[in-house]
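Residue numbers (this note's numbering): 4 to 386. For every residue, glycine included, the Cβ atom is placed at its ideal position computed from N, Cα and C. Here's the structure we're looking at; comments come further down.
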């Protein structure tokens with residue numbers, strides 16, 4: 004029997020700091036994506052709600068029920084929630100602000116609990132489990148004495164607290180919501196081995212592990228020069244559930260001068276573009292943003308955290324890590340995660356000549372690419 008894969012696209016590609024703006028963006032873009040990608044079925048969403056939008060839904064009279072009806076009337080189905088960006092993810096400068104509040108700040112756990120209450124009410128009837136992806140504790144520099152001195156111990160306590168609340172939610176609703184930590188370059192957890200160490204040291208109880216897991220972002224793993232199949236197998240060996248795989252692709256190049264000149268076009272002010280350079284010695288050098296790597300100009304193989312359209316194997320002289328997607332999906336077929344989410348949030352900051360004039364058409368093309376790759380990996384695809 005083939006494993007089933009729920010497919011969605013992440014709506015953090017659209018601005019949505021308020022509920023009204025979220026709905027306007029879904030009306031403008033998601034309905035069009037559905038027309039192009041799956042006109043005869045429901046379109047799966049990886050819904051992003053800011054903290055403000057989530058509060059609005061929970062405090063409005065019948066807010067969630069009315070929002071669910073609104074989505075259903077447009078044939079939009081929420082399959083998962085992206086709980087990583089807390090505030091305005093499309094502000095002029097986001098950079099490391101996206102990691103605030105971190106998991107040592109109670110505001111992060113309260114926001115995540117809001118999302119869980121919303122997700123359990125929005126998923127389709129009969130859904131046994133659904134994922135909320137979240138930041139991997141926080142940006143590493145914030146957890147040093149030189150940073151804000153945030154407490155990793157407090158962060159793990161907050162995660163245990165949210166796991167207990169999710170267990171209570173499952174008891175009352177029958178739906179298991181998991182909070183899945185998403186390793187990201189430069190964060191407290193940026194490799195699979197860091198996730199394993201955290202779970203083995205701090206999250207040993209069955210109840211906690213039932214509601215805490217990992218979200219494997221293919222782009223992030225590629226930037227860190229991980230082998231996709233090895234990372235996923237490591238989680239499985241240590242009993243860590245992969246609640247979601249984010250289908251994404253990074254920039255790559257061999258460091259030739261003309262390649263670096265093209266790569267420099269991707270240095271921009273809104274998002275952080277962590278870069279790793281694999282030197283000939285086998286040493287990987289990490290830079291917290293692309294401009295810092297460009298200043299260093301190291302020889303080696305470069306990979307940059309810039310979410311580019313997943314179907315592109317090259318962009319001018321630059322390569323991408325798109326070819327890692329099929330191997331990641333094949334490896335995922337052995338652990339059967341419930342959801343695959345296309346997450347190319349950076350369309351709006353691509354160099355102008357690379358932007359799709361019709362954003363919905365670009366997203367639909369990504370969904371078709373991912374659907375084909377999932378089928379090739381042996382999945383039966385929903386959505």
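Query, Result
"Nearest-angstrom Cβ-Cβ length linking residue 213 and residue 179, presumed shorter than 8 Å", "7 Å"
"Option nearest residue 355 by Cα separation, candidates 157, 271, 377", "271"
"DSSP three-state assignment for residue 56, whether helix, strand or coil", "helix"
"Endpoints, beta strand (DSSP E) assigned at residue 305", "304 to 311"
"Assigned secondary structure, residue 70 (DSSP; H/G/I helix, E/B strand, else coil)", "helix"
"Local conformation of residue 103 per DSSP, three classes", "coil"
"Sufficient close CB pairs (3 or more, under 8 Å) joining the stretch 97 to 108 to the stretch 36 to 48", "no"
"Residue 247 in three-state terms, based on DSSP", "strand"
"Pair within 7 Å by beta-carbon distance, residue 11 and residue 115", "no"
"Cβ pair residue 376, residue 328 closer than 7 Å", "yes"
"Bounding residues of the alpha helix (DSSP H) (the contiguous stretch that carries residue 164)", "155 to 176"
"Residue burial classification, residue 416 (beta-carbon count within 10 angstroms, cutoff 16)", "Residue 416 lies beyond the stretch modelled for the chain, which goes from 4 to 386, so this question has no answer here."
"Contact under 7 Å by Cβ, residue 15 with residue 110", "no"
"Buried versus exposed, by CB contacts within 10 Å (16 or more), residue 283", "exposed"
"Spatial distance of residue 93 from residue 26 (CA atoms)", "16 Å"
"Cβ pair residue 190, residue 260 closer than 7 Å", "no"
"Coarse secondary structure for residue 372, derived from DSSP in three states", "helix"
"Residues that DSSP places opposite residue 256 in a beta bridge", "305"
"Under 7 Å between C-beta atoms of residue 242 and residue 181", "no"
"Proximity winner among 75, 22, 51, 33, relative to residue 63 (alpha-carbon distances)", "22"
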